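J.: Got a structure for you, written out below as structure tokens; questions coming shortly.
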Amino acid sequence: MSNFVVSARKYRPIRFDDVVGQQHVSQTLKNAIQSNHLAQAFLFCGPRGVGKTTCARILAKVLNCQTPTEDMEPCDTCDSCQSFNKNASLNISELDAASNNSVEHIRALIEQVRFAPQSGRYKIYIIDEVHMLSQQAFNAFLKTLEEPPSYAIFILATTEKHKIIPTILSRCQIFDFNRIQVSDMTTHLQKICKEESIEAEEEALTVIAQKADGALRDSLSIFDRIVSFSGNKISYQDVIENLNILDYDYYFKVVEAMLTEDASQLLLLFDQISRKGFDGDIFINGLAAHLRNLLVCKDARTVELLEVSGNIKERYHQQANLAPTGLILSALSLANDCDVNYKMARNHRLHVEMALIKMAYIQRAMQPRVVQTITASSEKKTLDNSKITTAQETSPVYKAEPVENPVVLPTIEPPKNTTTDTEEPKAELKSDNQPAIQPSEVQTTSNFAEKLALKKGSSFLSKVLNEVKEEYKKPQEEAMPFTQENLEVIWKGYWSKIDSQSTQILFKTSKLSILDAETGVIKILTNGNRAKDAIFRDRTIRQLLIQTFQKKDLNFEVEIDEAKIEVPKPQKTIPQTDRDKYVHFLNLNPVLKDFQKRFQLLPPKNN
Numbered sequence: 014m015s016n017f018v019v020s021a022r023k024y025r026p027i028r029f030d031d032v033v034g035q036q037h038v039s040q041t042l043k044n045a046i047q048s049n050h051l052a053q054a055f056l057f058c059g060p061r062g063v064g065k066t067t068c069a070r071i072l073a074k075v076l077n078c079q080t081p082t083e084d085m086e087p088c089d090t091c092d093s094c095q096s097f098n099k100n101a102s103l104n105i106s107e108l109d110a111a112s113n114n115s116v117e118h119i120r121a122l123i124e125q126v127r128f129a130p131q132s133g134r135y136k137i138y139i140i141d142e143v144h145m146l147s148q149q150a151f152n153a154f155l156k157t158l159e160e161p162p163s164y165a166i167f168i169l170a171t172t173e174k175h176k177i178i179p180t181i182l183s184r185c186q187i188f189d190f191n192r193i194q195v196s197d198m199t200t201h202l203q204k205i206c207k208e209e210s211i212e213a214e215e216e217a218l219t220v221i222a223q224k225a226d227g228a229l230r231d232s233l234s235i236f237d238r239i240v241s242f243s244g245n246k247i248s249y250q251d252v253i254e255n256l257n258i259l260d261y262d263y264y265f266k267v268v269e270a271m272l273t274e275d276a277s278q279l280l281l282l283f284d285q286i287s288r289k290g291f292d293g294d295i296f297i298n299g300l301a302a303h304l305r306n307l308l309v310c311k312d313a314r315t316v317e318l319l320e321v322s323g324n325i326k327e328r329y330h331q332q333a334n335l336a337p338t339g340l341i342l343s344a345l346s347l348a349n350d351c352d353v354n355y356k357m358a359r360n361h362r363l364h365v366e367m368a369l370i371k372m373a374y375i376q377r378a379m380q381p382r383v384v385q386t387i388t389a390s391s392e393k394k395t396l397d398n399s400k401i402t403t404a405q406e407t408s409p410v411y412k413a414e415p416v417e418n419p420v421v422l423p424t425i426e427p428p429k430n431t432t433t434d435t436e437e438p439k440a441e442l443k444s445d446n447q448p449a450i451q452p453s454e455v456q457t458t459s460n461f462a463e464k465l466a467l468k469k470g471s472s473f474l475s476k477v478l479n480e481v482k483e484e485y486k487k488p489q490e491e492a493m494p495f496t497q498e499n500l501e502v503i504w505k506g507y508w509s510k511i512d513s514q515s516t517q518i519l520f521k522t523s524k525l526s527i528l529d530a531e532t533g534v535i536k537i538l539t540n541g542n543r544a545k546d547a548i549f550r551d552r553t554i555r556q557l558l559i560q561t562f563q564k565k566d567l568n569f570e571v572e573i574d575e576a577k578i579e580v581p582k583p584q585k586t587i588p589q590t591d592r593d594k595y596v597h598f599l600n601l602n603p604v605l606k607d608f609q610k611r612f613q614l615l616p617p618k619n620n
């Protein structure tokens, strides 16, 4: 069995240029060495695994190197460099302050400082985790740190700068190390994969870098674990399974369900996630991060804040173009409130489900709702002398900004000399890209007028009446040819003016085709039952097509596109009780039964 060396030690930088993500520190130290402006005490601060101790060792190696390179890097050939590589250098001492934190240890260190180096220029002391020193040890170290011998250099490293007393800080030259960026870690992992002849997907390495949380050492440890799990071929699926990370696809599906106001799909997705063993707070935090990434994609100036691979970034761009900014902000606020109150909730599952249901219908809260009534006068029988009186009673439920590109529903007035007890206008859609269309029939039922007034209000009704009077005086034009191109133009002109974003998406994703051009049979393929019901209930589009193409027998055949229906994958059952786990491992390895009999072990009982 060969001696395995972990990647964090095997690929530890030995030159300043090899240090990842700390170019500002490396360049400053190299310039100080070249100009001979060296401080006698350095303090390296930063989170774990970012290269503090590594830079301290490289600095100590360069300072005692007999023939450094022109760019102030160690030569690795002189006696000083060779002895340092073998951990046999007498001029470089490392002290772990976590285990040597007493005043006696510091006094012993001060005694060593008194003696000059026998060979080499400097005697260098590297003290790691210096914040672990006691108060007495700090006080004993002060005098030596303030006036050290000319040949002594102290390099202190710490992850908690705030725990070091100010008198120590004032005597040191402080360097702040940054967290390693995801892109830098991904590039470093790709280099290691190339040297080790390992095939790895870019998405997989990006997930490893994100899981490391800015620590390069942690990413290398995770990388070694994934290699042990999947061998010389690392896939994205292996990484998320081994690290217990929720797949991006679930978050994309959740936002798609929000856009279509499909609360049932949201609950089913959360159930699938729960069955995989993920807690509700992990899911909510991941969803909040996903919504934040969508918000970042809305502006080209903030796209660089997105720390994902190229393929995932493209999917974020596509979904960000479909999702309104108001919806993303509202859902992000709901996710944040759910996360804050998660620990206080007694029923965690219900708490998350309620947040998802609110997200599904948040678009409706963003639109104004006005309840209005209309009363028609029937005292006179002729249209010239009839008057429509309206009693408006508004009750705004939510206050929101006006929606861009609202649907214009002009009302058509019956021609003159038409007398009815109650005469009401008929709704019709007028597209900006098409000429005005005159009606062939007049609808005089009061139910439709009441619905129209309830939705838009009497002021809207009066305005439309005046517009239709102007349009009705124009001569009637010929019918538009019933072709696939004209059909798609009318269809797009209709859904582009609908107020509701979710309804827009339902109409936009539907596919139209003409089955019978003579009778006017149109086949519509939808993504699901929700879109199918919405198209069936919408009479305005049907009437618009009838009047545009003058096809009285025009009919829809709405079907669900089975190719877009996703078949749920079978879920893996996870053993819960000790008995289930015993049976599971017995099925994997029957030798377990012989092992039990040999040592006379009792199998676990059902809980």
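Under my numbering, the letters of the sequence shown match residues 14 to 620, in that order.
All residues carry an ideal CB built from backbone N, CA and C; glycine is no exception.
Bear in mind that the values here come from a model prediction, so they are computed numbers and not experimental data.
Along the chain, where does the beta strand (DSSP E) that runs through residue 51 open and close?
T.: Element bounds for residue 51: n/a, residue is neither H nor E.
J.: Where residue 44 and residue 29 are concerned, what is the direct C-alpha to C-alpha distance, given to the nearest angstrom?
T.: So the alpha carbons of these two residues sit roughly 12 Å apart.
J.: Taking the beta strand (DSSP E) that residue 167 falls in, what are its first and last residues?
T.: 165-171 is the span of the beta strand (DSSP E), which, as asked, contains residue 167.
J.: With a Cβ-Cβ cutoff of 7 Å, do residue 158 and residue 184 count as a contact?
T.: A contact, by the Cβ cut-off of 7 Å.
J.: Quick one: what does DSSP say residue 213 is sitting in, helix, strand or coil?
T.: Residue 213: strand per DSSP, three-state reduction.
J.: According to DSSP, which residues form a beta bridge with residue 568?
T.: Answer by DSSP bridge pairing, in chain order: 534.
J.: Put residue 136 into one of helix, strand or coil per three-state DSSP.
T.: Strand at residue 136.
J.: Can you round the beta-carbon distance between residue 150 and residue 115 to whole angstroms, since I take them to be within the 8 Å contact cut?
T.: The Cβ separation is near 6 Å, so the contact holds.
J.: If you pair each beta-carbon of the stretch 71-82 with each one of the stretch 188-204, do three or more pairs fall below 8 Å?
T.: Result no; under three Cβ-Cβ pairs closer than 8 Å.
J.: Can you tell me where the beta strand (DSSP E) holding residue 187 begins and where it ends?
T.: Run containing residue 187: 186-189, per the beta strand (DSSP E) assignment.
J.: In the structure shown, what three-state DSSP assignment does residue 247 receive?
T.: Note: residue 247 maps to strand in three-state DSSP.
J.: According to DSSP, is residue 519 part of a helix, a strand, or is it coil?
T.: If DSSP states are grouped into helix, strand and coil, residue 519 belongs with the helices.
J.: For residue 42, does the count of other Cβ atoms within 10 angstroms reach 16, so buried, or fall short, so exposed?
T.: Buried, since its Cβ has 16 or more Cβ neighbours within 10 Å.
J.: Out of curiosity, what's the CA-to-CA distance linking residue 622 and residue 505?
T.: Nothing in the structure corresponds to residue 622, since the chain is present only between 14 and 620.
J.: Pull up the distance between the alpha-carbon of residue 432 and that of residue 549, whole angstroms please.
T.: Confidence is the limiting factor: at residue 432 the pLDDT is only 40, short of 50, which leaves the residue's position unreliable, though a coordinate-based value still follows. One C-alpha to the other measures close to 32 Å.
J.: Is residue 57 helix, strand or coil by DSSP?
T.: Residue state, collapsed to three classes: strand.
J.: Leaving aside the five residues before and after residue 118 along the sequence, list all residues of the same chain whose C-beta is less than 8 Å from its C-beta, in chain order.
T.: Cβ within range, chain order: 108 and 150.
J.: Where does residue 124 fall in DSSP's three states?
T.: Looking at residue 124 - three-state DSSP - the assignment turns out to be helix.
J.: Please report the straight-line C-alpha distance between residue 219 and residue 563, rounded to a whole angstrom.
T.: Distance between the alpha carbons of residue 219 and residue 563: 58 Å.
J.: How many Å lie between residue 665 and residue 574 at the Cα?
T.: As shown, the chain starts at 14 and ends at 620. That puts residue 665 outside it, with no answer to give.
J.: From which residue to which residue does the alpha helix (DSSP H) around residue 262 run?
T.: From DSSP, the alpha helix (DSSP H) with residue 262 extends over 261-272.
J.: Is DSSP giving residue 356 helix, strand or coil here?
T.: Of the three classes helix, strand and coil, the one that applies to residue 356 here is coil, per DSSP.
J.: Would residue 110 and residue 143 be called neighbours here (beta carbons separated by less than 7 Å)?
T.: Yes. Within cutoff.
J.: Counting only the same chain and skipping the five closest in sequence on each side, list residues whose C-beta sits under 7 Å from that of residue 176.
T.: Same-chain partners within the cutoff: 144.
J.: Provide the residue(s) that pair with residue 539 in DSSP beta bridges, ordered along the chain.
T.: Answer by DSSP bridge pairing, in chain order: 573.
J.: Identify every residue that forms a DSSP beta bridge with residue 527.
T.: In DSSP, residue 527 forms a bridge with 535.
J.: Spatial neighbours of residue 342 within its chain, please: C-beta separation below 8 Å, excluding the five flanking residues on both sides.
T.: 308, listed in sequence order.
J.: Within a Cβ cutoff of 6 Å, which residues of the same chain sit near residue 329, ignoring the five residues on either side of it in sequence?
T.: Cβ neighbours of residue 329 beyond the five flanking positions: 306 and 310.
J.: Closest to residue 335 by CA distance: which of 235, 245, 365 and 516 is it?
T.: The shortest Cα separation from residue 335 among 235, 245, 365 and 516 belongs to 516.
J.: In three-state terms, what does DSSP make of residue 477?
T.: Confidence is the limiting factor: at residue 477 the pLDDT is only 49, short of 50, which leaves the residue's position unreliable and the question unanswerable from this model.
J.: At the level of alpha carbons, what is the spacing between residue 362 and residue 325?
T.: Near 29 Å, if we compare the C-alpha coordinates of residue 325 and residue 362.
J.: Are the beta-carbon atoms of residue 228 and residue 199 separated by less than 7 Å?
T.: Not closer than 7 Å, so no.
J.: Starting from residue 109, trace the beta strand (DSSP E) in both directions and tell me its first and last residue.
T.: Looking at the DSSP string, the run of the beta strand (DSSP E) that includes residue 109 is 105-109.
J.: Let me make sure I understand the geometry here. Which of 378, 367 and 36 has the alpha-carbon closest to that of residue 279?
T.: If we check each option's Cα against that of residue 279, 367 comes out closest.
J.: So who's on the other strand from residue 141, going by DSSP bridges?
T.: For residue 141, which the question treats as bridged, DSSP gives the partners 109.
J.: Residue 278 by DSSP, collapsed to three states: which one?
T.: Helix at residue 278.
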